[in-house]
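Here is the structure we will look at.
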Amino acid sequence: MKQFKGRVIAAGNWKGKAAVSHQGFNTLASFQKSALKNAKQVYVSDQNNKDLFGVNITGKALCLPITIGSTTGGLVIQTVCQMGIAPACFLFSESIDSLAASGIVLAKVWENSPVIAIDQLGEEFLNTVKTDDEIEVKEDGTVIIL
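Under the numbering used here, the first residue of the sequence shown carries the number 3, and numbering increases by one thereafter.
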């Protein structure tokens, strides 16, 4: 068991599986196909993401350094949250970027989404957590790899 403490962007308590990207996560490229198909789950469609391409991330803790890509990134996050197919948590090793922050805030305020976001968890967090690890997230920003 390893514990990390980050800055809370959107609080919540949660327990489940991790999905890990060691590179910047392109929200548009990753979520677009599932959103356009009105799918019930998101399978990462960004073929440039060697860690998560083809992986189901719905309801998981998306562990990533930062989001990258199109300026529509925030809208895409809000949309998948509104559709109920988003990751349960966005856990950033670095500081959250403005596009991801805007999407998470819009999802919380406009969609009443339960999405959780914690940033500044550190490089060691991203080097420790593995896809399918069981993790627990606390509303104070503590993330425990079980």
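We put the CB at the ideal spot given by N, CA and C, even for glycine.
Pick helix, strand or coil for residue i, following the three-state DSSP scheme.
| i | result |
| --- | --- |
| residue 98 | coil |
| residue 113 | helix |
| residue 62 | coil |
| residue 143 | coil |
| residue 41 | coil |
| residue 68 | coil |
Roughly how many whole angstroms lie between the Cα atoms of residue i and residue j?
| i | j | result |
| --- | --- | --- |
| residue 27 | residue 16 | 22 Å |
| residue 82 | residue 33 | 8 Å |
| residue 146 | residue 66 | 16 Å |
Could you give the first and the last residue of the continuous beta strand (DSSP E) run that contains residue i?
| i | result |
| --- | --- |
| residue 125 | Counting along the chain, residue 125 falls outside any beta strand (DSSP E), though it belongs to the alpha helix (DSSP H) covering 125 to 130. |
| residue 157 | Past the boundaries of the shown model lies residue 157; the chain is included only from 3 to 148, so the question cannot be answered. |
| residue 88 | Where residue 88 is concerned, there is no enclosing beta strand (DSSP E), given that its DSSP letter is neither H nor E. |
Could you give the residue range of the alpha helix (DSSP H) that holds residue i?
| i | result |
| --- | --- |
| residue 35 | 29 to 38 |
| residue 76 | 75 to 85 |
Is it true that the CB of residue j sits closer than 8 Å to the CB of residue i?
| i | j | result |
| --- | --- | --- |
| residue 61 | residue 139 | no |
| residue 37 | residue 75 | no |
| residue 43 | residue 79 | no |
| residue 57 | residue 31 | no |
| residue 84 | residue 113 | yes |
Meets three-Cβ-pair contact criterion under 8 Å: the segment 125 to 135 and the segment 100 to 109
no
Could you tell me whether the segment 108 to 120 touches the segment 80 to 94, using the rule of 3 or more Cβ pairs below 8 Å?
Using a C-beta cut-off of 8 Å, the segment 108 to 120 makes contact with the segment 80 to 94, since at least three inter-stretch Cβ pairs fall below that distance.
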